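Colleague: Below is the structure I would like to discuss, written out as structure tokens.
Residue numbers (this note's numbering): 10 to 184.
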């Protein structure tokens with residue numbers, strides 16, 4: 010059960026990071042191109058935390074359901090009767106030229122792509138060449154259980170030969 014909860018927690022963290030990077034891409038490009046940002050939200054539903062920051066008083070939100078997010082920009086077509094300050098009209102998303110709107114829309118996926126390149130670069134630069142030889146789940150009455158292996162143990166040697174990684178455990182076992 011704990012393993013399941015750890016996996017769910019890890020999934021939520023990873024999705025949260027990817028959503029944040031994606032939405033930040035939209036936010037950053039829109040801001041650089043002069044579009045007024047009303048809200049930057051990570052998650053959906055009830056707001057758990059929010060702050061208004063900057064000259065435009067953009068609302069930054071962390072919401073209850075962490076499986077997505079959005080950047081709300083000033084847009085006349087989604088205003089629903091609230092009056093828009095005439096000085097802000099030139100900054101509305103729907104009033105931007107096509108190339109600006111396309112740049113804002115493409116920015117989210119582009120930031121995810123660049124983040125993937127950065128993450129893989131850092132991962133490969135870290136020098137880890139394989140997985141540690143850690144025992145995973147041990148089923149009751151299995152050969153591993155009968156041999157006394159316990160989940161989380163690290164296999165440091167097989168037949169007297171050091172096994173720092175799984176590939177060396179497999180190679181030594183097959184010899």
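Backbone N, C-alpha and C define an ideal beta-carbon position, used for all residues, glycine too. Predicted model, so just to flag it, every value in this text is computed and none were measured.
For my contact list, residue 72 and residue 46 are in at a C-beta cut-off of 8 Å; report their separation, rounded to the angstrom.
Modeller: As a working mapping, residue 72 is identified with position 63 in the chain shown. As a working mapping, residue 46 is identified with position 37 in the chain shown. Rounded, the Cβ-Cβ distance is 16 Å, inconsistent with contact.
Colleague: Could you tell me how far apart the beta carbons of residue 165 and residue 144 are, in whole angstroms, since I believe they sit closer than 8 Å?
Modeller: Numbered from 1 along the chain shown, position 156 holds the residue referred to as residue 165. Numbered from 1 along the chain shown, position 135 holds the residue referred to as residue 144. Going by Cβ atoms, the distance from residue 165 to residue 144 rounds to 11 Å, so no, they are not a contact pair.
Colleague: Buried or exposed, going by whether 16 or more other CB atoms sit within 10 Å of the CB of residue 170?
Modeller: Taking the chain shown and counting its residues from 1, one reaches residue 170 at position 161. Exposed, by the Cβ-count rule.
Colleague: Specify whether the region 147–157 and the region 102–116 touch according to this definition: at least 3 beta carbon pairs, one from each stretch, less than 8 Å apart.
Modeller: No, the region 147–157 does not touch the region 102–116.
Colleague: Would DSSP call residue 68 helix, strand or coil?
Modeller: Reading the chain shown from its first residue, position 59 is the one you call residue 68. Strand at residue 68.
Colleague: State the DSSP-derived secondary structure class of residue 149, mapped to helix, strand or coil.
Modeller: Locating residue 149 in the chain shown gives position 140, where the first residue counts as 1. Residue 149: coil per DSSP, three-state reduction.
Colleague: Considering only the alpha carbon of each residue, which of 104, 95, 76, 78 lies closest to residue 86?
Modeller: Numbered from 1 along the chain shown, position 77 holds the residue referred to as residue 86. Per the Cα distances, 104.
Colleague: What residue from 181, 65, 161 has the CA that sits closest to residue 48's CA?
Modeller: Taking the first residue of the chain shown as 1, we reach residue 48 at position 39. It is 65.
Colleague: Label residue 75 either buried or exposed according to how many other C-beta atoms from any shown protein chain fall within 10 Å of its C-beta, with 16 as the threshold for buried.
Modeller: Position 66 of the chain shown, counted from the start, is the residue given in the question as residue 75. Result: buried.
Colleague: Whole angstroms are fine: how far does the CA of residue 177 sit from the CA of residue 35?
Modeller: On the chain shown, position 26 is the one that residue 35 refers to. On the chain shown, position 168 is the one that residue 177 refers to. Each residue's alpha carbon lies about 45 Å from the other.
Colleague: Any beta carbon from chain C within less than 8 Å of residue 66's own beta carbon?
Modeller: Among the chains in the structure shown there is no chain C, since it carries only a single protein chain.
Colleague: Are the Cβ atoms of residue 138 and residue 174 separated by less than 8 Å?
Modeller: Residue numbering aside, residue 138 sits at position 129 when the chain shown is read from its first letter. Residue numbering aside, residue 174 sits at position 165 when the chain shown is read from its first letter. Going by C-beta atoms, residue 138 is nearer than 8 Å to residue 174.
Colleague: So residue 31 and residue 122 are in contact, right, with Cβ under 8 Å, and what is the actual spacing, rounded?
Modeller: Taking the first residue of the chain shown as position 1, residue 31 is located at position 22. Taking the first residue of the chain shown as position 1, residue 122 is located at position 113. Not confirmed; about 10 Å, so no contact.
Colleague: Using the Cβ count rule (16 or more neighbours within 10 Å means buried), how would you classify residue 172?
Modeller: Here residue 172 is taken as the residue at index 163 of the chain shown, counted from 1. The residue is buried, with at least 16 neighbouring Cβ atoms inside 10 Å.
Colleague: Quick check: what's the CA-CA separation for residue 162 versus residue 128?
Modeller: Walking along the chain shown from the start, residue 162 turns up at place 153. Walking along the chain shown from the start, residue 128 turns up at place 119. Residue 162 and residue 128: Cα-Cα distance of roughly 28 Å.
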